[in-house]
Structures are given as structure tokens and as C-alpha cells.
Amino acid sequence: MHTIVLAKLRRKITKELTDRLTKVIEEQPMGVKIQSVYWTLGRYDVVLIGEVPDEKAAMAVLLQFDDDAATETLIAVPREEALKLLK
Numbered sequence: 115m116h117t118i119v120l121a122k123l124r125r126k127i128t129k130e131l132t133d134r135l136t137k138v139i140e141e142q143p144m145g146v147k148i149q150s151v152y153w154t155l156g157r158y159d160v161v162l163i164g165e166v167p168d169e170k171a172a173m174a175v176l177l178q179f180d181d182d183a184a185t186e187t188l189i190a191v192p193r194e195e196a197l198k199l200l201k
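The sequence shown lines up with residues 115 to 201 when you count with the working numbering.
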């Protein structure tokens, strides 16, 4: 399952917060594969793009940052797969 996570930080970015995020990205727990991380300007502060085995795995990872960020998770379907769904 492909995911896009949009995150708005609840507090100031600190070295500790970025270290924790980096650790989660490097360990890639519960079958999570984080492909890209972007710091962004605008409505959201961070965008993560990756793959998860299911919604429970995504939730388990994101709950680690519940105090630090409000997130919105999008399920993404690759264009080729979406085209197959058309009748």
C-alpha cells in the first residue's frame, strides 16, 4: 500500500525530534518502507512518501509522533493500477 503522509508539527523542530524521525526511517519498523522525506514550506512542514503493509502498520508508526505532529495520511494508487480499474 503506497502512502503519502502530510505532517504539521505541533512544536518547534529540534535536533531530538529530527533524530527520532531519522531513527524510525532507518529502522523501517513493521514492514514500513519510507522512500522519501521532504521538509516543505506552506500548510505542512513534512511530507513522507512510502509503503506500508496495511493501515495498522501506518498507524503504529504515526502514533509514535502523535505529540509532535498532526498528520494526514493519503492512500496512493499508482497511475497504472488506477487505469486498470476504469471500465
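Glycine residues also receive a C-beta, built at the ideal position from the N, C-alpha and C atoms. Bear in mind that the values here come from a model prediction, so they are computed numbers and not experimental data.
- Distance from the Cα of Leu123 is smallest, within the candidate group Ile148, Leu155 and Gly145, for Leu155.
- The C-alpha of Glu195 lies about 34 Å from the C-alpha of Thr132.
- For secondary structure counted as the alpha helix (DSSP H) over 4 or more consecutive residues, the region 126–191 holds these complete runs in sequence order: 129–141 and 169–176.
- In this structure, Val146 lies away from Trp153, with their beta-carbon atoms at least 7 Å apart.
- If you look at Lys122, you'll find it isn't in any alpha helix (DSSP H); it sits in the beta strand (DSSP E) that goes His116 to Leu123.
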